[in-house]
Amino acid sequence: MGWSNQNVFCKPRFRSTLLGLAGLVGLAMTGLSSMGHAQSGNAAAGQALFNGEAMCVSCHPGGPSNPSARTATTVAKLNAAMNSIGSMQFLRSFLSADDVCNIVTYIASQANAPDPACGIGVTKNSIVLRSSSTTNPQMSVGKLSNNVLQFSSITDPGPAHRMLAYSDFNRNGIPDLVFQNITQGEFGDVRSWNEFKSGNEFLWRQVKQVWDVQAVGDLDGDGVDDLVWRYVVVDSPDTGVSYIWFGSGGTAAPVVNQVRKRGGAPLDWQLLGAVDINNDGAADMLYLSPAGQLRALMATPNRTCANLVSGSMPAGFAPLKFAKFRGGRSGEVLVRNAATGENQLLSFNAEGLVLPAYTGAPDDQNAACTSSSLTVPMTTITLPTADPTWTFYAAADLNNDGTIDIIWRRTASNPVGQLTVWLLKADGTLLTQLTNAGTAPANFSPLQNGGPKLF
């Protein structure tokens, strides 16, 4: 079936090769449907990944192959097969849900098995939008196809709900949507739709509506994304405090197995997001003070943390997004000077820093982060200057090459609403500018998934 046993592709230094292959396959894919119902995958794209070592048949010289992966004809079976060999699990970060669907579609076509009908609307390579209507809100998903962002409708939970976050909360490789009921009074149900499907609805728990999700990331390194809640009303000692809902994957229903404090700051400090900046597998939180000071709450073992200085914001610039724009061991904040249109990436890399041992009580969910005099190194990467009338729209790995790409929206030049995409390289510089990359749907705004409030 076209498999070979070249173990070299499974070693970390060759992951960039795998990323490049996935990116080429992504660019070659055409005609992808983005509707929210099940649909067929792309067998040709799946064959390219299948034959290109993406499945990593055997990651150890002389070791056993994974026959269940080679014959999996459903996404569930392929996910289980990938999980059965530990050294294959890194592929979770590189294979999009579309990639997995395409591989399964190809295997099924070769085995004369039924079409797996595994296509989905939302993947890690797409952006999600919601309309501004308070009576009949609509949602849409956008994907880059043939160098144009194409948008199509997906189901909205309805006007009784505010959207909180979307990410993979059960470790199946497909984003899930989390939202809260805003009509129940002081408290509101927090629920999720696994894979954005209304039939896969689960109740997490209730929470006061004065708490807001301001960051999403895997803050304990267990492979499952967690929610960072912040108290955003000035009426109690909790004002500005952040708590994390730590989850666990491997089950269909989401499980919050611990709630633990992670820092606190006055409300005029911005929580920019959560990104792993020291390559230990756990996301770190970044705050910005009104004076432009940056501080990182670094994840330490057993869901604890350390508080480090992280440089300062350049004068005249404001943060837009905290993400792995370079796709590697660092994390970057995209910043912009609105008056001049200048853009920069502030890149943070704490790899190699020996973080202090946690000084609080290990089981105290309200203990503060351990203070440290360490400073996270910061470097500046200059991006092209953009028209000052453009506004930041969204950021995502649109071409599945491992780097986060930037989407701008025109607000004054014709045509208003036209989108421009900057595809970035791994060094943080511009690879390609797609000037006419589609048009933003009117009266829709992207879900920002925490971070600076831009809309």
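Numbers in our numbering are just positions in the sequence shown, counted from 1, shifted up by 755. Ideal Cβ placement from N, Cα and C applies to all residues, glycine included. Remember, it's a predicted structure, so these values are computed and weren't measured experimentally.
Residue from the options with nearest C-alpha to residue i
i: P1132; options: L1049, Q1120 and G1193; result: L1049
i: Q802; options: S1003, T1187 and S864; result: S864
i: G1205; options: M894, V933 and A835; result: V933
i: D911; options: Q893, T1125, T826 and T994; result: Q893
i: A1167; options: D1142, A1051 and R1091; result: D1142
i: A1150; options: R917, K898 and V859; result: K898
i: R1193; options: A1181, V996 and I1162; result: The sequence shown places Gly at residue 1193, not Arg. Of A1181, V996 and I1162, the residue nearest in Cα terms is I1162.
i: Q969; options: I999, K963 and K952; result: I999
i: P1201; options: P822, D975, V883 and S823; result: V883
i: D975; options: G1028, E1106, D1035 and T1190; result: D1035
i: L1022; options: R985, N1012, D973 and P1170; result: R985
i: P1074; options: S908, N834, E1097 and C1124; result: E1097
i: G1002; options: N1121, T1140, T1059 and L982; result: L982
i: L1189; options: L904, L1108, K1016 and T1059; result: L904
i: L1027; options: A1078, V1011, G978 and V988; result: A1078
i: G978; options: N1012, Q935 and N925; result: N925
i: V1014; options: P1069, T1059, P1196 and T890; result: T1059
i: P1045; options: P1170, W1024, A1007 and A868; result: W1024
i: P869; options: Q1120, T860 and G876; result: T860
i: S900; options: A1181, Q1203 and V1176; result: V1176
i: V1064; options: R1017, S1127 and A1112; result: S1127
i: K804; options: K1016, Y1113 and I862; result: The question names Lys, but residue 804 is Leu in the sequence shown. The residue with the shortest Cα to Cα distance from L804 is I862.
i: Q935; options: A915, S953, K952 and Y921; result: A915
Delimiting residues of the alpha helix (DSSP H) encompassing residue i
i: S823; result: P822 to R825
i: F805; result: A798 to N806
Opposing strand residues paired with residue i [DSSP bridges]
i: K963; result: F942
i: D981; result: G972
i: K1016; result: Y998
i: W1177; result: I1161 and Q1188
i: M894; result: R885 and I909
i: M1133; result: F1103
i: T1050; result: A quick correction: the sequence has Arg, not Thr, at residue 1050. For R1050, which the question treats as bridged, DSSP gives the partners Y1042 and V1064.
i: E1286; result: There is simply no residue 1286 to check, as the chain begins at 756 and stops at 1210 in what is shown.
i: W1145; result: R1165
i: F1199; result: S886
i: N1098; result: R1091 and L1138
i: S900; result: V903
i: V1030; result: D1039
i: T1055; result: T1059
i: V1010; result: S1003
i: T828; result: Paired residues: none, contrary to the question.
i: S1126; result: N1062
i: Q1025; result: L1043
Residues near residue i by beta carbon distance below 7 Å, same chain, minus five either side
i: F1080; result: E1087, L1089, L1100, T1158, I1159, L1179 and G1183
i: D923; result: I929, P930, D931 and D980
i: D1031; result: A1037, A1038, D1039 and G1086
i: S1135; result: It should be noted that the sequence gives Thr, not Ser, for residue 1135. Hits under 7 Å: Q1099 and L1101.
i: R1084; result: N1034, N1104 and E1106
i: N1057; result: P1117
i: L1138; result: N1098, Q1099, L1100 and L1185
i: A1195; result: Y1148, R1164, G1172 and L1174
i: S895; result: L884, F906, S907, S908, I909, P1196 and F1199
Cutoff 6 Å; reference residue i; Cβ partners in own chain excluding five residues on either side
i: N1198; result: S886 and S887
i: P819; result: Note that P819 scores 45 on pLDDT, short of 50, meaning its location in the model is unreliable; the coordinates nonetheless yield the value given after this. Correct list: empty, nothing qualifies.
i: N949; result: D931 and N955
i: D973; result: D980 and A1038
i: G1115; result: A1122
i: F1210; result: Reliability of the predicted coordinates at F1210 is poor, the pLDDT of 44 falling under 50, and the value obtained from them is presented with this limitation in mind. For F1210, where only same-chain residues beyond five positions count, the Cβ hits under 6 Å are S1200.
Neighbourhood of residue i by C-beta, 8 Å cutoff - its chain only, sequence neighbours within 5 removed
i: L782; result: Low per-residue confidence applies at L782: pLDDT is 30, beneath 50, and the placement is therefore not dependable enough to give any value.
i: L958; result: D944, V945 and R946
i: V989; result: L1022
i: A1093; result: A1073 and P1143
i: G913; result: P892
i: V855; result: V830, L833, N834, C873 and G928
Continuous beta strand (DSSP E) stretch holding residue i: start and end
i: E1087; result: G1086 to R1091
i: R917; result: H916 to S922
i: V933; result: D931 to N936
i: G1115; result: Counting along the chain, G1115 falls outside any beta strand (DSSP E), and DSSP gives it neither H nor E.
i: L1075; result: A1073 to A1078
Residue-chain proximity (residue i, chain C), Cβ-Cβ < 7 Å
i: L833; result: Here there is only one protein chain, and chain C is not present.
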